[in-house]
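Heads up, the thing below is written out as structure tokens.
Residue numbers (the UniProt record's numbering): 1 to 627.
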């Protein structure tokens, strides 16, 4: 109030007395900023502490292994496996930050040497006029900035002390995110704004042709050591001509005159040190292009990863996209983790890794890489296979469901009943041991018996985690005396009073120009196979039925036939072992003929494998004989 004069104080008191709105220009006088210079303000900005405390409604969720790729693949000396993750990246980052899931515990947090991300810029690509629009303005302005900021805040905690983050952006959004990075990492930790310059035919109309992206490079706490010698660039012809002498070992050198009149022999290095402008063409070669919108060149990632990391150090990309980061990290002998919310991205990256031996050699693009990828694992986060969860042994099942419902493990026994932990509100949790109760259900008799035994040893709430088909109660809780017994059923139907925000699923696109739409998942879900009827006739995949086993979230109505189909991913020559995507057909591109969807296929083998995916990522896999 010291900043207000008498008239302003009287005006303020009058506003309070009348319930009138206080003008915006009083904000700074009532709540003066404590910052020395400036701060970044915009609508919807959350405090860092609130984001890390899950006040944004997004919390850590368990990781579920889908498949481990071992076989003849080279293994790491420790128990590390590279990781390809499908799911919401903020949920995944929070799982890494929490550092409790057994798959990643003490392996990632504080040990990541390089984070490279190429997030959707919120703008269409500028590579050339004919390229598909890979980005949309689904998240605009402040929403886009906050979307990126929340992820970077969590990700910073995963870096080693000398770790780095490289954020790839374009001319339209780069300056906004630079301010975010300054705020999170500190302006003094800014290293470079690297310009990636690419070429292509274009005619200026309303502006000069836009032919560059930017990569902002920051370090975490301690300045890192760069491997500049590993990314030397070729000398120009003029420079090479000046090194016109050769010694007995074949080394090139030049003779320079010093001011003293003496002569100095200067040996040529293998190349010159690069500056912060990198001329690297957009990928065009068949052994590199994977058909994914906005794919970045392997030579670009090679330069970033080689200069910033050493062998066996961890590289993390949580906007995995086409998989260039993990492919290059693999070829350079780095450990890697890649995450994306898109099924198209997931299967693109998976194929890229499974066929990496046939892709280009980073040192000679005319040669093949020639080696299998090291052992890696595919993982789901936030959307789970119920059958796989039920196949876990008792200890792993309990561990998984406790993570699922944000329960802190804390085993206690009261009156003969074992409590497995506590939720955030401090109330106890029981995991229903269905393996010992196959012939009985969680019913009123069990609950009354439990309540009678526990008596006053518990207070207002008890949570019970149990399979939904073992719970006889339709309601979310049952009250006995003053104690509410809540049923956390698997699969889970959200109990709204227990969550600050409704759960929301990730949506999969129906067209290729939406593959990089920004999206958020809240909570977790269990996959529900769609109902599919498909055959192969006359070199066509014919889909007669596609019905999802859920209702549309916004309308709560059943979706008609084909309406919920997102895409069909096909392996044209399935080997009964590893699925290798050869085609991805989005629903908007599938022809509807006489109430069926028909997809022409070429060069098929004896079998194809088709994965039918709905708009929430649920899958139905079918192997079909073609001959």
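C-beta atoms are modelled at their ideal positions from N, C-alpha and C, and glycine is treated no differently.
Note that the structure is a prediction, hence the values are computed from the model and not measured.
For residue 451, the enclosing alpha helix (DSSP H) stretches over residues 444 to 454.
About 6 Å separates the beta carbon of residue 350 from that of residue 84, a gap short enough to meet the 8 Å contact definition. Contact between residue 163 and residue 113 holds, since their C-beta atoms are separated by about 5 Å, short of 8 Å. Boundaries for residue 22: no beta strand (DSSP E) harbours it, and the DSSP string shows neither H nor E there. Under the Cβ criterion (8 Å, minimum of three pairs), the region 8 to 21 does not count as touching the region 141 to 153. When secondary structure is reduced to three states using DSSP, residue 82 falls in the strand class. Put simply, the backbone Cα of residue 343 is about 14 Å away from that of residue 352. The beta carbons of residue 73 and residue 354 sit about 10 Å from each other, so the pair does not count as a contact at 8 Å. Around the C-beta of residue 91, 16 or more other C-beta atoms lie within 10 Å, and the residue is accordingly described as buried. A direct Cα-to-Cα measurement between residue 172 and residue 156 gives close to 24 Å. For residue 338 and residue 305, the gap between their C-alpha atoms comes out near 14 Å. Residue 187 and residue 204 have their alpha carbons spaced roughly 35 Å apart.
Nearest Cα to residue 442 within the set 454, 425, 472 and 450: 472. Judged by DSSP in its simplified three-state form, residue 486 adopts strand.
Secondary structure note for residue 192: its beta strand (DSSP E) is the uninterrupted segment 190 to 197. In this structure residue 117 is in contact with residue 167, their Cβ atoms being roughly 6 Å apart against a cut-off of 8 Å.
Taking the Cβ atoms as the reference, residue 511 lies roughly 19 Å from residue 619, outside the contact range of under 8 Å. Contact between residue 543 and residue 597 is confirmed by a C-beta separation of about 4 Å, below the 8 Å threshold. Between the region 473 to 481 and the region 582 to 593 there are fewer than three inter-stretch CB-CB distances shorter than 8 Å, so the stretches are not counted as touching. Rounded to the nearest whole angstrom, the CA to CA distance from residue 505 to residue 465 is 22 Å.
Within the DSSP secondary-structure output, residue 463 pairs in a beta bridge with 429 and 486.
By the Cβ neighbour-count rule, residue 437 is exposed, with fewer than 16 other Cβ atoms within 10 Å of its own. Within the region 352 to 422, the complete alpha helix (DSSP H) runs of at least 4 residues fall at 386 to 390 and 394 to 404.
Per DSSP, residue 42 has no beta-bridge partner at all. Contact check for residue 616 against residue 550 passes: the beta carbons are separated by less than 8 Å. Our two residues, residue 41 and residue 516, have alpha carbons roughly 26 Å apart in a direct line.
With respect to the 8 Å criterion, residue 383 and residue 499 are not classified as neighbours on the basis of their beta carbons. For residue 567 against residue 608, the beta-carbon gap comes to about 15 Å, at or over 8 Å, which does not count as contact. In the three-state reduction of the DSSP assignment, residue 175 falls in the helix class, which pools H, G and I.
A distance of 8 Å or more separates the beta carbons of residue 336 and residue 303. Contact check for residue 599 against residue 585 passes: the beta carbons are separated by less than 8 Å. In the same chain as residue 57, and ignoring 5 residues on each side of it, the C-beta atoms closer than 7 Å to its own belong to 500, 501 and 522, in chain order.
Put simply, the backbone Cα of residue 67 is about 30 Å away from that of residue 367. Residues of the same chain with a CB within less than 8 Å of the CB of residue 89, apart from the 5 flanking positions on each side, are 151, 318, 319, 339, 340 and 341 in chain order.
DSSP links residue 10 through a beta bridge to no other residue. Non-local beta-carbon contacts of residue 307 in its own chain, meaning distances under 6 Å to residues more than five positions away in sequence, involve 226, 227 and 231 in chain order.
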